[in-house]
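Engineer:
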Amino acid sequence: MSRIPSLLTLAALTATLAMGCDYYGGGEMPVLDSAVGGSPSPPPSPSAPPQVQSIVPADGATGVPLSAGVTITFSQSMDPATITTANLTLSRAAGPVAAGVQLAPDQTTTTITPVSPLAGSTAYTVTVTTGATSASGLPMAADFTSSFTTGADIDSTPPTFAGATGATATGGSTINVQWAAASDNVTPAGQIVYRLYAATASGAQNFSTPTATTAPGATSFVLTGLMGNTTYFIVVRAQDSSGNVDSNANQVNATTNAPRSYLTHVWPVLNAKCVRCHKSGGDRPFWDTASLAYTNSVNVDAKNPDPAWKIVKPFSSAWSTMYDRCTPANLSGGFMPESGTPLTATELSNMRAWIDEGALNN
Ligand code: HEC
């Protein structure tokens, strides 16, 4: 049984995130360029404690659907090892609510997904303790709490739903899953949400924690962060606004594409366009050979002082300076190559996909 593997891998990365930044480059310190658009937005100072930037349902919200989960956005990248059910809780007067906690690959968006629907007309409290720390190891300044109240429970009949109709691999780490809209006795079709459960073995889905939950009314969804060259078996279930979920077990499956290859898709580009400056005796990072370029980049702290940036951060091109500095946004420092021919669109998209597929040494 396996769900999104990138979350596990991110947990394994925390050891490297804790490493100090050993290279500040004095006068060469890159300046974040706020004049250019695109994502990600310039990272905030890592020396400020992390804060909850937004929460859905909002503090004081009423009439919240019984199917709701909680989405919390932090002000900066968080340490995945601290985003746990011990530090992020959902509770009501009767006690804590069983729920799963997941930090998205962006490391700022966290979801709390209750195992069962919420109770009707009930006040709930979300708590984030100071045990939750930023990627740079700083705790929140104080415990955070927020409350909301659910709407009345007027419906106990699950939607009528035929389940998933198809799945198509769209890359080395993505699968598009499709279905026809469900119907419900109370909830309009446009308000029905869908839970996707993925496993790498037939019938091995864990129905207590969805791999992903869609926006209301969706009839397809792209699963991301999957392993390359791997078959996923996927069940989709429909959930109405009262939290009733149908129980179909119809599986569809698809096999992700072979992942991008470092030696085929990335190294030749570095060798042709970057190594003339980035080699021993020249400018860091040193990329003299394919294997040096790999070990001097993957999980290596970038010169940018925000520890969220790595030269290559597996599964996160958005926080990888190797990719970022070759894009027009170049949020982490000056545009690369400093002189010479910029990367072509194909070279850039291969580099991005290689990183987002886990930056394999392949
Ligand atoms: C003409 C020389 C030159 C070329 C070619 C060049 N770079 Fe650079 N690069 C530099 C210099 C100088 C620095 C240090 C100053 C800075 O950070 O901007 C640097 C810094 C970087 C950094 C920041 C390293 C760190 O420690 O965080 C990255 C990433 C980078 N380059 C990527 C590339 C990539 C990818 C290419 C090829 C597409 C490339 N560079 C081509 C001169 C070059």
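Numbers 288 to 649, taken from the working numbering, label the letters of the sequence shown in order. We put the CB at the ideal spot given by N, CA and C, even for glycine.
Just to check, is the beta-carbon of glycine 568 closer than 6 Å to a non-hydrogen atom of the ligand HEC?
Structural biologist: Taking the first residue of the sequence shown as 1, we reach residue 568 at position 281. Glycine 568 Cβ: outside cutoff for every heavy atom of the ligand HEC.
Engineer: How would you call asparagine 648, buried or exposed, if buried means at least 16 neighbouring beta carbons within 10 angstroms?
Structural biologist: By one-based count along the sequence shown, residue 648 stands at place 361. Under this definition asparagine 648 is an exposed residue.
Engineer: The ligand HEC heavy atoms versus the CB of glutamate 625: any closer than 6 Å?
Structural biologist: Position 338 of the sequence shown, counting from 1, holds the residue named residue 625. True, at least one ligand heavy atom lies under 6 Å from that Cβ.
Engineer: Can you say whether aspartate 570 is buried or exposed, counting buried as having 16 or more other CB atoms within 10 angstroms of its CB?
Structural biologist: For the purposes of this step, residue 570 is taken as the residue at position 283 of the sequence shown. Exposed, because fewer than 16 other Cβ atoms sit within 10 Å of the Cβ of aspartate 570.
Engineer: On the DSSP bridge list, what partners appear for lysine 600?
Structural biologist: Against the sequence shown, residue 600 aligns to sequence position 313. According to DSSP, which records beta bridges pairwise, lysine 600 is partnered with nothing at all.
Engineer: With glutamine 394 and alanine 422 assumed to form a contact (beta carbons below 8 Å), what rounded beta-carbon distance in angstroms separates them?
Structural biologist: Here residue 394 corresponds to residue number 107 of the sequence shown, with the count starting at 1. Here residue 422 corresponds to residue number 135 of the sequence shown, with the count starting at 1. Yes, they are in contact, since the Cβ atoms of glutamine 394 and alanine 422 sit about 6 Å apart, within 8 Å.
Engineer: Determine the closest residue to alanine 454 out of Gln538, Thr396, Val402 and Asp643, with distance taken between C-alpha atoms.
Structural biologist: Counting from 1 along the sequence shown, the entry for residue 454 is found at position 167. Ranking the options by Cα distance to alanine 454, first place goes to Gln538.
Engineer: Unbroken beta strand (DSSP E) runs of length 3 or more, entirely within the region 328-399: which are they?
Structural biologist: Runs of the beta strand (DSSP E) inside the region 328-399: 339-343, 348-351, 357-361, 375-379 and 386-390.
Engineer: Excluding five sequence neighbours on each side, which residues of the same chain lie with their C-beta closer than 6 Å to the C-beta of glycine 387?
Structural biologist: Residue mapping note: residue 387 aligns to position 100 of the sequence shown, counting from 1. Here the set comprises Thr400 and Thr496.
Engineer: With hydrogens ignored, establish whether the beta-carbon of methionine 638 is closer than 6 Å to any heavy atom of the ligand HEC.
Structural biologist: If you number the sequence shown from 1, residue 638 lands on position 351. No, the beta carbon of methionine 638 sits no closer than 6 Å to any heavy atom of the ligand HEC.
Engineer: Say the cut is 6 Å; is the CB of alanine 589 nearer than that to a heavy atom of the ligand HEC?
Structural biologist: Against the sequence shown, residue 589 aligns to sequence position 302. Yes.
Engineer: What does a CB cutoff of less than 6 Å around valine 473 pick up in its chain, not counting 5 residues either side in sequence?
Structural biologist: Position 186 of the sequence shown, counted from the first residue, corresponds to residue 473. Same-chain partners within the cutoff: Asp442.
Engineer: Report yes or no: do three or more beta-carbon pairs, one from the region 611-629 and one from the region 515-523, lie closer than 8 Å?
Structural biologist: They do not touch, by the three-pair rule.
Engineer: Taking a contact to mean a Cβ-Cβ separation below 7 Å, would you say threonine 432 touches threonine 409 in this structure?
Structural biologist: By one-based count along the sequence shown, residue 432 stands at place 145. By one-based count along the sequence shown, residue 409 stands at place 122. Going by C-beta atoms, threonine 432 is not nearer than 7 Å to threonine 409.
Engineer: Below 6 Å CB to CB, which residues in the same chain sit around glycine 530 once its five sequence neighbours on both sides are set aside?
Structural biologist: Here residue 530 refers to the residue found at position 243 of the sequence shown. So the list reads Leu353, Ser354 and Pro404, once near-sequence residues are dropped.
Engineer: Any heavy atom of the ligand HEC closer than 6 Å to the Cβ of methionine 609?
Structural biologist: Here the question's residue 609 lines up with position 322 in the sequence shown. Correct: methionine 609 has its Cβ closer than 6 Å to the ligand HEC.
Engineer: Quick check on this structure: which residue in Thr437, Ala541, Ala469 and Gln478 has the alpha carbon closest to the alpha carbon of alanine 486?
Structural biologist: Here residue 486 corresponds to residue number 199 of the sequence shown, with the count starting at 1. That would be Ala541, whose Cα lies nearest to the Cα of alanine 486.
Engineer: Regarding arginine 612 and the ligand PLP, is the C-beta to nearest heavy atom distance less than 6 Å?
Structural biologist: As presented, the structure is devoid of the ligand PLP, carrying the ligand HEC as its sole ligands.
Engineer: Note down the Cα distance separating leucine 635 from methionine 623, rounded to an integer number of angstroms.
Structural biologist: Within the sequence shown, numbered from 1, the residue matching residue 635 stands at position 348. Within the sequence shown, numbered from 1, the residue matching residue 623 stands at position 336. Rounded to whole angstroms, leucine 635 to methionine 623 spans 12 Å at the Cα level.
Engineer: Look at the Cβ atom of glycine 450, then the Cβ atom of arginine 547, and state whether they are nearer than 7 Å.
Structural biologist: Counting from 1 along the sequence shown, the entry for residue 450 is found at position 163. Counting from 1 along the sequence shown, the entry for residue 547 is found at position 260. Not closer than 7 Å, so no.
Engineer: What first and last residue would you give for the alpha helix (DSSP H) that runs through isoleucine 642?
Structural biologist: Stepping through the sequence shown from its first residue, residue 642 is reached at position 355. Start and end: 632-643.
Engineer: List the DSSP bridge partners of proline 482.
Structural biologist: By 1-based counting over the sequence shown, the position of residue 482 is 195. According to the sequence shown, residue 482 is arginine rather than proline. Its beta-bridge partners are Thr500 and Arg524.
Engineer: Please name the residue, chosen from Trp574, Trp596, Arg639 and Met609, that lies closest to methionine 365 on a Cα-to-Cα basis.
Structural biologist: As a working mapping, residue 365 is identified with position 78 in the sequence shown. Among Trp574, Trp596, Arg639 and Met609, the Cα nearest to that of methionine 365 is on Trp596.
Engineer: Considering only DSSP beta bridges, list what phenylalanine 435 is partnered with.
Structural biologist: Counted from its first residue, the sequence shown places residue 435 at position 148. For phenylalanine 435, which the question treats as bridged, DSSP gives the partners Ala348 and Tyr411.
Engineer: Using 10 angstroms around the beta-carbon of threonine 628, count the other beta-carbons present and answer buried if the total reaches 16, otherwise exposed.
Structural biologist: Position 341 of the sequence shown, counting from 1, holds the residue named residue 628. Exposed: under 16 other Cβ atoms inside 10 Å.
Engineer: Exposed or buried, glutamate 625, counting other C-beta atoms within 10 Å across all chains shown (16 or more means buried)?
Structural biologist: In the sequence shown, the residue the question calls residue 625 occupies position 338. That one is exposed.
Engineer: Let's see if you can read the secondary structure: which residues bound the beta strand (DSSP E) around threonine 542?
Structural biologist: Stepping through the sequence shown from its first residue, residue 542 is reached at position 255. Run containing threonine 542: 538-542, per the beta strand (DSSP E) assignment.
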